[in-house]
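First the structure, in the form of C-alpha cells, and then the observations on it.
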Amino acid sequence: SKLLVFAFVTYDCDSKRAPPHPPLAPLPMMGLRLYGHWVSQPARSVLWLLHMKDKAIGRDFDFHKVEPMKGDTRKSSFTDLFPLARSPAIHEPDNDDFKLAEGSAILQYLCEKNNWEDWYPSSDLQSRARVNEYLSSHHTTSRRCTLKVFHPVMMSIMKPEGPAVDYAALEAVSQKEANRFSSTWLQNGPFVGGFEAPTIADLFAYTEFAQIPQMEIVKKYDDDRVEEWLSRMRELPHHDDVHRSLFKLTALKRKLGK
Numbered sequence: 301s302k303l304l305v306f307a308f309v310t311y312d313c314d315s316k317r318a319p320p321h322p323p324l325a326p327l328p329m330m331g332l333r334l335y336g337h338w339v340s341q342p343a344r345s346v347l348w349l350l351h352m353k354d355k356a357i358g359r360d361f362d363f364h365k366v367e368p369m370k371g372d373t374r375k376s377s378f379t380d381l382f383p384l385a386r387s388p389a390i391h392e393p394d395n396d397d398f399k400l401a402e403g404s405a406i407l408q409y410l411c412e413k414n415n416w417e418d419w420y421p422s423s424d425l426q427s428r429a430r431v432n433e434y435l436s437s438h439h440t441t442s443r444r445c446t447l448k449v450f451h452p453v454m455m456s457i458m459k460p461e462g463p464a465v466d467y468a469a470l471e472a473v474s475q476k477e478a479n480r481f482s483s484t485w486l487q488n489g490p491f492v493g494g495f496e497a498p499t500i501a502d503l504f505a506y507t508e509f510a511q512i513p514q515m516e517i518v519k520k521y522d523d524d525r526v527e528e529w530l531s532r533m534r535e536l537p538h539h540d541d542v543h544r545s546l547f548k549l550t551a552l553k554r555k556l557g558k
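Each residue of the sequence shown is one higher than the one before, starting from 301 at the first, in the working numbering.
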C-alpha cells in the first residue's frame with residue numbers, strides 16, 4: 301500500500317501532462333464536499349462534471365481524498381456519514397446535511413438539482429430513460445474494464461513481486477468489451493445512446509474504456525467508433541485535470557517494467 305500512495309500522491313513523472321496535484325484546501329463548514337480517490341473511475345466522472353460546472357454552481361467544491369484500499373471507507377468517521385461505505389460520496393452540510401453515495405446517483409442528483417440539462421436531459425422522459433438505461437447496466441457491462449483489466453495491472457504495480465500479467469488475455473477482454481459497447485451504444489450517434497452531445501453516461505463510460513489505452517494495456521481499440529468517441533471525449537474541458545493520476549500511474553508502470 302505504500303507503493304500505491306507513492307504512485308498516486310507523490311510520484312513525479314517526466315510527462316508534461318502529469319503535474320502533481322495541488323494540495324487539497326481545508327474543508328469549509330459549508331458547501332459541497334466530494335469524497336473519493338483520483339484513480340477511482342466513478343469519482344473521476346463526478347470530478348470531471350464538477351470541474352466543467354464549477355462556475356455554474358457559483359462556488360468551488362471541496363475534494364476530500366479517501367483510500368478504500370487502506371480501509372478509509374470502513375472507518376466509522378466515514379460510515380457514520382455514508383452507511384453504504386462506498387465512494388465516491390457527497391455531503392452538503394448547508395442543504396439539510398444531505399449525504400449521497402454511488403457515482404451514478406451523484407451525477408443524476410447534481411444535474412437535476414442544478415438544471416444541467418446539457419448533461420442529463422431530465423425534462424425529456426425518453427432521453428432521460430436512455431441515459432438511465434446505460435447507467436443501470438454499467439456495473440455488469442463497461443465496469444468489467446476495471447474489474448477484469450485495470451485491476452490486475454494496478455495490483456501488479458502495487459505488488460511488483462507478484463505473478464506476471466497476461467497482457468494478451470487482457471487485450472482480448474478489452475477488445476471484446478469495446479466491441480460490445482460500440483454495437484450497443486455508439487451505432488446510432490457520436491455519443492452514448494445516440495446523442496449528438498455527451499451526457500453523464502459518456503462520463504461514466506469514458507473513465508472505464510479510456511484507462512486501458514492510457515495505461516498502455518492496449519495500444520488502441522480495433523473498433524473505429526470507440527476510438528472516435530474517445531477522441532471526442534478527450535476534447536472536453538478539464539480532461540487532463542481529472543486524469544493526472546492515470547498519467548502518473550502509467551509512468552510508474554513503465555518504470556517498474558510492468
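Idealized CB from N, CA, C, for every residue including glycine. Remember, it's a predicted structure, so these values are computed and weren't measured experimentally.
Pick from the options that is closest to residue i, judged by C-alpha positions
i: M515; options: C445, Y521 and L546; result: L546
i: V492; options: R430, R534 and A472; result: R430
i: V465; options: V518, K399 and F481; result: V518
i: P513; options: M369, K459, L425 and T446; result: T446
i: L410; options: R534, L470, H351 and H439; result: H351
i: F495; options: L556, R428 and E471; result: R428
i: E508; options: N488, G489 and F481; result: F481
i: L470; options: G489, R444 and P490; result: R444
i: A401; options: K413, T379 and W416; result: T379
Cut-off 6 Å between Cβ atoms - residues of its own chain near residue i, not counting five sequence neighbours on either side
i: A478; result: Y521, D523 and V526
i: K553; result: I457
i: Y506; result: M533
i: F398; result: E392
i: S474; result: V449, I512 and V518
Inter-residue Cα distance where the pair is residue i and residue j
i: S531; j: S442; result: 18 Å
i: Y335; j: Y467; result: 32 Å
i: K375; j: L503; result: 29 Å
i: L407; j: R386; result: 15 Å
i: G371; j: H451; result: 17 Å
i: K448; j: A472; result: 11 Å
i: Q487; j: K476; result: 16 Å
i: S483; j: E528; result: 14 Å
i: G489; j: Q426; result: 16 Å
i: S436; j: A551; result: 33 Å
i: N395; j: L536; result: 30 Å
i: S377; j: N414; result: 29 Å
i: N432; j: T440; result: 14 Å
Contact under 9 Å by Cβ, residue i with residue j
i: S340; j: P368; result: yes
i: H337; j: K365; result: yes
i: G462; j: M454; result: no
i: D354; j: F361; result: yes
i: L381; j: P460; result: no
Neighbourhood of residue i by C-beta, 7 Å cutoff - its chain only, sequence neighbours within 5 removed
i: W485; result: Y434, V492 and G493
i: P388; result: L334, Y335, G336, S340, P342, A343, V346, G403 and I406
i: T373; result: V366, A385, R386 and S387
i: E417; result: S423
Chain-order list of residues whose beta-carbon lies under 8 Å from that of residue i (same chain, five-residue window excluded)
i: G358; result: Low confidence applies here, because G358 scores a pLDDT of 49, under 50, leaving its location unreliable and the question unanswered by this model.
i: E412; result: Y420 and S422
i: K558; result: V453, S456, I457, P460 and V465
Chain C within 9 Å of residue i, Cβ atoms only
i: F450; result: The displayed structure is made up of one protein chain only, and chain C is not part of it.
contact_flag[the segment 421–439, the segment 489–499] where n(CB pairs < 8 Å) is 3 or more: yes
Determine contact between the segment 532–541 and the segment 343–351, defined as no fewer than three beta-carbon pairs at a distance below 8 Å. yes
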